[in-house]
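S.K.:
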Amino acid sequence: MNNKYELSQETIEVDGHTLYRIRAIRDFFNVKAGDLGGYIESEDNLSFTAGTCWVYDNAIVYENARVYGGARVYGSAMIYENAQVYRFARVFGHARVYGDARVGDAWIGGDVRVSGDTWIGDPLGDPLHFASNVWLDGDVNITSGIWNRLLTMGRKPYLVSTTLNKVLMGYK
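Numbering (my numbering), first residue to last: 736 to 907.
(1) Roughly how many whole angstroms lie between the Cα atoms of I775 and I795?
(2) Name the DSSP beta bridge partners of Q819, please?
(3) Quick check on this structure: which residue in P892, K891, V849 has the alpha carbon closest to the alpha carbon of I877?
(4) If contacts are defined as beta-carbon pairs under 8 Å, then A841 and G851 qualify, I think. What distance do you get, rounded to the angstrom?
(5) Mind checking which residues open and close the beta strand (DSSP E) that includes R761?
(6) When the Cα of K767 is compared with those of S743, E748, K739, which residue comes out closest?
(7) Which first and last residues belong to the beta strand (DSSP E) in which G863 is found?
(8) From the DSSP output, read off the bridge partner residues of M736.
(9) My output table needs one value for E778: the three-state DSSP class, helix, strand or coil.
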């Protein structure tokens with residue numbers, strides 16, 4: 736039984752899916768009973784059994800996507816298809832996580848896109864931080880650092896960490 740949140744009567748339509756604004760039933764973390772959250776398609780999208788995960792603001796989670804653990808999704812972020820956001824991940828701004836992507840213990844914001852079979856996060860290290868205008872797609876596994884620049888030389892993309900002084904070549 737879900738004693739964490741309920742689906743309100745307020746709905747929006749996204750790509751032919753009806754999403755419901757959530758309302759907290761009880762206090763947890765920084766969420767108070769009665770607080771409105773973002774939008775989800777069903778209770779399968781946001782865990783209610785464990786953790787303090789929450790969807791805030793106008794963020795949306797739908798299709799087979801899941802948010803669980805201590806993850807937070809806020810702003811106008813979108814999580815969809817089969818994506819998973821978990822542990823202590825933060826997805827915010829206009830970020831998109833979709834496909835079979837998994838984000839754990841990372842901060843994804845701005846206009847960042849994470850898709851395909853990309854896995855981001857290192858449960859043993861500090862959270863990863865991605866700034867704006869970064870696109871990750873395909874079979875990518877990133878487990879450390881702050882990756883904050885995207886360069887394209889010719890037709891080949893390069894993801895750059897200015898703090899680690901590293902370059903991930905041809906990540907697509």
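Beta carbons are placed, not taken as given, at the ideal position from N, Cα and C, and that holds for glycine. Everything numeric in this text was worked out from a predicted model, so none of it was measured.
M.R.: To lay it out plainly:
(1) 6 Å
(2) R801, R837
(3) V849
(4) So it is not a contact: roughly 16 Å between Cβ atoms.
(5) It is not in any beta strand (DSSP E) - R761 carries neither H nor E in the DSSP assignment.
(6) K739
(7) The amino acid occupying residue 863 in the given sequence is Leu; Gly does not appear at that position. From DSSP, the beta strand (DSSP E) with L863 extends over 863 to 865.
(8) In DSSP, M736 forms no bridge with anything.
(9) helix
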